[in-house]
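In the working numbering, the protein residues as written are 111 to 185.
Structure representation (structure tokens):
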């Protein structure tokens, strides 16, 4: 069965704010959503938080990292 991944990204305002005003973190990554959902633990993906000047920038940076990690899992 091909692994299906569903992920959630959380964005937060950086406190205290600097040039980078937003932080994006992995909320969760789930494998095989629907059949037998399995939470992917941090030690498996090891994706750290990322910073951006805008909320969209931080979100997009992390989303690209997640998509790269997912692509590697399907090889």
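We treat Cβ as the ideally placed atom computed from N, Cα and C, and that holds for glycine.
Keep in mind the model is a prediction, meaning the values are calculated, not measured.
When the Cα of residue i is compared with those of the options, which residue comes out closest?
i: residue 131; options: 178, 159, 154 and 180; result: 159
i: residue 166; options: 119, 114 and 115; result: 119
i: residue 149; options: 138, 174 and 134; result: 138
i: residue 182; options: 143, 134, 145 and 154; result: 154
i: residue 143; options: 127, 125, 117 and 156; result: 117
Using only the alpha-carbon positions, how far apart do residue i and residue j sit?
i: residue 151; j: residue 161; result: 21 Å
i: residue 136; j: residue 178; result: 14 Å
i: residue 185; j: residue 113; result: 11 Å
i: residue 129; j: residue 163; result: 6 Å
i: residue 173; j: residue 180; result: 10 Å
Considering only residues of the same chain and omitting the five flanking positions on each side of residue i, which have a CB-CB separation below 7 Å?
i: residue 123; result: 131 and 132
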